[in-house]
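Peer 1:
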Amino acid sequence: IKNKLDNKIIIMVSGRIIPKFYPILVYLGIDLIDCSYSMFLSAENFYDTIEYLLPIYKVKYLPCSCVACKGKLNYLFNKKHSGEKIDLLSLHNLITASNYMKKIKQYLNYEDYRVFVEKSSLDETNLISILKILDKKYFNYLKYETPIIQKSKNIRCLGPSSYNRPDFQHFRENAIKNFEPESWTRLIILLPCSSKKPYSKSKSHKAFYNVIRKFSEFPDFQEFILTSPLGVIPRQLENIYPANSYDISVTGEWDNEEINITAEMLIRMVEKYEPEIPILCHLKDGYLEIAKKASSKLPHNFVFSEIQDKTTSMESLQSLENLIKENINKFQVKSDKIENISKSWIRKFVKILDYQFGIGSGTKVIPNGLKPIRVRGNDQIDLKDLETQEKLGVFKYSTGQIVLTLPGLKRLIQTPNSINSNYIVFNGEEIRGNTLFRKGVLDYSLDLIPNSQVVIVDEAKKKIIGSGELIVGSNFIKNSKSGRIAKIYEWK
Ligand SMILES: [Zn+2]
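Next comes the structure, spelled out in structure tokens:
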């Protein structure tokens with residue numbers, strides 16, 4: 001319904017709704033919930049603890065300290081027909097419902113709300129099914145309404161209910177769509193994930209790096225990190241949300257669905273490479289199972305290092321080193337490396353830009369190489385052109401994304417009138433102030449996702465006049481006539 005309605009219209013639901021259902025209703029976009037059913041339940045002698053609706057005679061410990069519970073309610077339990085008991089019970093149940101709603105509002109604004117919805121639904125099979133159906137069938141609606149990019153939040157994976165979270169699906173789809181092999185790749189290395197993010201900061205990945213960097217050819221290696229349920233993460237994209245911020249148990253024991261999700265993504269990634277490129281696997285347990293599953297459906301040659309004990313043991317690392325030695329010259333690279341863009345961070349920036357703005361974007365913005373400068377207490381990196389010294393963009397650690405400056409955008413979009421994604425046509429020639437409102441929007445592309453960067457062009461689509469971070473998605477713009485649309489970036 002939300003798809004067709006103005007977001008300014010308040011949607012209210014009414015009926016037999018208990019507080020337990022509130023989180024998912026809010027997730028679905030309901031603004032107002034009628035809680036009168038809680039009063040009806042009070043009259044039926046039910047005591048609400050959110051998790052359960054307990055018949056009042058079963059309550060022994062009163063897990064609440066509201067006025068009713070602290071007051072006389074305790075003494076009235078055994079009275080069969082007491083009007084006062086019903087009144088106090090109503091009071092407790094309503095306070096409970098209203099407290100829960102406050103919790104929801106808090107989490108909605110400041111935490112990863114999705115995980116709260118999952119957690120509160122786990123013991124209710126109907127709710128779990130609703131979430132599954134939403135993820136599978138309504139992903140294309142959800143992605144314009146729920147946060148696909150979040151800042152500095154820890155995402156916990158709870159199990160099957162998390163496998164197809166919209167932000168995970170979006171990451172997988174986008175990575176498959178926009179990740180283009182580097183033309184100089186001669187070797188692919190598959191590595192297990194680590195609990196510390198980004199992976200390259202973890203102990204295990206530092207140990208892998210020590211081996212890999214012994215080879216001067218290491219910029220020709222493509223590393224992929226296997227994880228579940230998120231999928232396959234190219235080293236260059238490890239800083240992007242949600243790859244930079246999810247938490248799973250890394251025991252390597254996964255169920256079939258997880259293994260299938262990741263194996264499927266591995267196939268899609270490896271398919272992009274020529275079959276003669278060797279694929280080195282430094283993996284064990286569930287990770288190994290994923291690689292084997294994928295290899296059975298690919299023409300590529302998968303080779304495996306010998307793991308003794310852990311993947312970071314001396315013997316295992318030695319085996320990885322030998323494997324690289326054996327395979328390093330098996331594939332003859334046809335095209336030469338582009339010197340300045342093969343450095344690790346630059347390789348990352350090129351691929352991050354592709355991930356955000358489509359294949360080819362990275363090399364458009366960074367043709368001459370870059371001079372990255374760290375600023376502001378390590379939470380971002382300024383990207384400057386090596387030759388012209390122009391500031392092209394800012395990389396933010398919190399989201400792993402790059403915000404392009406006007407010069408950066410102008411390189412990306414050389415002909416504004418042919419732009420077909422991620423844009424807004426502004427009603428006028430110049431934007432003033434730091435917020436773009438609905439009134440200023442003449443036209444827009446249908447792929448706008450909240451929290452991503454949008455390009456703003458003038459009425460004639462002749463030039464780029466600004467850029468901003470979207471507050472809402474395309475769907476909101478379509479259905480609304482007023483409201484805030486984007487925060488405009490200000491350039492120094
Ligand atoms: Zn109470």
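According to my numbering, the sequence shown holds residues 1 to 492 in order. By construction, the Cβ of each residue, glycine as well, lies at the ideal position given by its N, Cα and C atoms.
In this structure, does DSSP put Lys391 in helix, strand or coil?
Peer 2: As a working note, residue 391 is residue 391 in the sequence shown. Three-state result, Lys391: strand.
Peer 1: Output yes or no for whether 7 Å exceeds the beta carbon distance between Trp254 and Gly286.
Peer 2: Taking the first residue of the sequence shown as 1, we reach residue 254 at position 254. Taking the first residue of the sequence shown as 1, we reach residue 286 at position 286. Yes, the Cβ-Cβ distance between Trp254 and Gly286 is below 7 Å.
Peer 1: With the cut-off set at 7 Å, would you say Leu412 and Val454 are in Cβ contact?
Peer 2: Here the question's residue 412 lines up with position 412 in the sequence shown. Here the question's residue 454 lines up with position 454 in the sequence shown. No; because the gap between Cβ atoms is not below 7 Å, this pair is not in contact.
Peer 1: Where does Val365 fall in DSSP's three states?
Peer 2: By 1-based counting over the sequence shown, the position of residue 365 is 365. Here Val365 sits in helix by DSSP.
Peer 1: Grab the span of the alpha helix (DSSP H) containing Gln169 for me, first residue to last.
Peer 2: Position 169 of the sequence shown, counted from the first residue, corresponds to residue 169. Pro166 to Asn178 is the extent of the alpha helix (DSSP H) around Gln169.
Peer 1: To the nearest angstrom, how far is the alpha carbon of Tyr57 from that of Ala43?
Peer 2: Here residue 57 corresponds to residue number 57 of the sequence shown, with the count starting at 1. Here residue 43 corresponds to residue number 43 of the sequence shown, with the count starting at 1. Approximately 13 Å, taken between the alpha carbons.
Peer 1: With a threshold of 16 other CB atoms inside 10 Å of the CB of Ile1, please say whether the residue is buried or exposed.
Peer 2: Within the sequence shown, the letter at position 1 stands for residue 1. Because the pLDDT at Ile1 is just 49, under 50, the model does not fix this residue reliably, and the value given afterwards should be weighed accordingly. Exposed.
Peer 1: Over what stretch of residues does the beta strand (DSSP E) that includes Asp382 continue unbroken?
Peer 2: If you number the sequence shown from 1, residue 382 lands on position 382. Counting along the chain, the beta strand (DSSP E) containing Asp382 begins and ends at Gln380 to Asp385.
Peer 1: Please identify the residue among Cys193, Glu264, Glu274 and Lys297 whose C-alpha is closest to the C-alpha of Leu283.
Peer 2: Here residue 283 corresponds to residue number 283 of the sequence shown, with the count starting at 1. Per the Cα distances, Cys193.
Peer 1: To the nearest angstrom, report how far apart Ala294 and Glu271 are at their CA atoms.
Peer 2: By one-based count along the sequence shown, residue 294 stands at place 294. By one-based count along the sequence shown, residue 271 stands at place 271. Those two C-alpha atoms are separated by around 10 Å.
Peer 1: Would DSSP call Ser467 helix, strand or coil?
Peer 2: The residue labelled residue 467 in the question sits at position 467 within the sequence shown. Three-state result, Ser467: strand.
Peer 1: If we cut at 7 Å on Cβ distances, does Phe426 have a partner in chain B?
Peer 2: No chain B appears in the structure shown, which is made up of a single protein chain.
Peer 1: If distances are taken between C-alpha atoms only, which option among Glu306, Tyr138, Thr227 and Glu223 comes closest to Gln236?
Peer 2: Here residue 236 refers to the residue found at position 236 when the sequence shown is read from its first residue. When only C-alpha atoms are compared, the closest one is Glu223.
Peer 1: For a minimum of 3 consecutive residues, which ranges assigned as the beta strand (DSSP E) are wholly contained in the segment 73 to 156?
Peer 2: Counting only runs of 3 or more, we get nothing.
Peer 1: With DSSP as the reference, please indicate the residues paired to Tyr246 in a beta bridge.
Peer 2: Taking the first residue of the sequence shown as position 1, residue 246 is located at position 246. Answer is Ile155.
Peer 1: In angstroms, rounded to a whole number, what distance separates the CA positions of Ser228 and Ile95?
Peer 2: Here the question's residue 228 lines up with position 228 in the sequence shown. Here the question's residue 95 lines up with position 95 in the sequence shown. In a straight line, the C-alpha of Ser228 is about 40 Å away from that of Ile95.
Peer 1: Exposed or buried, what is Asp34 when buried is set at 16 or more other beta-carbons lying within 10 Å of its beta-carbon?
Peer 2: In the sequence shown, residue 34 corresponds to position 34, counting from 1. Classification for Asp34: exposed.
Peer 1: Answer yes if the segment 457 to 470 comes into contact with the segment 416 to 430, meaning at least three C-beta pairs across the two stretches below 8 Å, and no otherwise.
Peer 2: With the cut-off at 8 Å, the segment 416 to 430 and the segment 457 to 470 touch.
Peer 1: So, Asn93 versus Asp123, is the Cβ gap smaller than 7 Å?
Peer 2: Along the sequence shown, one-based indexing puts residue 93 at 93. Along the sequence shown, one-based indexing puts residue 123 at 123. Not a contact, by the Cβ cut-off of 7 Å.
Peer 1: At which residues does the alpha helix (DSSP H) containing Tyr287 begin and terminate?
Peer 2: Translated into positions along the sequence shown, residue 287 becomes position 287. Counting along the chain, the alpha helix (DSSP H) containing Tyr287 begins and ends at Asp285 to Ser295.
Peer 1: Rounded to the nearest angstrom, what separates Leu53 and Asn99 at their Cα positions?
Peer 2: On the sequence shown, position 53 is the one that residue 53 refers to. On the sequence shown, position 99 is the one that residue 99 refers to. Looking at the two C-alpha atoms, the distance is approximately 16 Å.
Peer 1: Determine the DSSP secondary structure at Thr405, reduced to helix, strand or coil.
Peer 2: To locate residue 405, count along the sequence shown from 1; it is residue 405. Coil at Thr405, not helix or strand.
Peer 1: If I follow the unbroken beta strand (DSSP E) through Cys281, where does it start and stop?
Peer 2: As a working note, residue 281 is residue 281 in the sequence shown. Where Cys281 is concerned, the enclosing beta strand (DSSP E) stretches over Ile279 to Cys281.
Peer 1: So Arg268 is in the alpha helix (DSSP H); what residue range does that whole segment cover?
Peer 2: Locating residue 268 in the sequence shown gives position 268, where the first residue counts as 1. Element bounds for Arg268: Asn256 to Val270.
Peer 1: Does DSSP put Ala486 in a helix, in a strand, or in coil?
Peer 2: As a first step, residue 486 must be located in the sequence shown, where it is residue number 486. Three-state result, Ala486: strand.
Peer 1: Taking 7 Å as the limit between beta carbons, can you name the residues of its chain near Gly358, skipping five residues before and five after?
Peer 2: To locate residue 358, count along the sequence shown from 1; it is residue 358. Asn178.
Peer 1: Note down the Cα distance separating Phe168 from Pro19, rounded to an integer number of angstroms.
Peer 2: The count along the sequence shown starts at 1 and reaches residue 168 at position 168. The count along the sequence shown starts at 1 and reaches residue 19 at position 19. Roughly 28 Å between the two C-alpha positions.
Peer 1: For Lys85 and Phe40, what's the separation of their Cα atoms in angstroms?
Peer 2: On the sequence shown, position 85 is the one that residue 85 refers to. On the sequence shown, position 40 is the one that residue 40 refers to. Roughly 13 Å separates the two Cα atoms.
Peer 1: When DSSP labels each residue in this structure, what does Ser47 get in the three-state scheme?
Peer 2: Position 47 of the sequence shown, counted from the first residue, corresponds to residue 47. Here residue 47 is Tyr; the residue named in the question, Ser, does not match the sequence. The answer is strand: DSSP assigns Tyr47 an E or B state.
Peer 1: Start and end of the beta strand (DSSP E) containing Pro192?
Peer 2: What you label residue 192 is simply residue 192 of the sequence shown in a count that begins at 1. Where Pro192 is concerned, the enclosing beta strand (DSSP E) stretches over Leu187 to Pro192.
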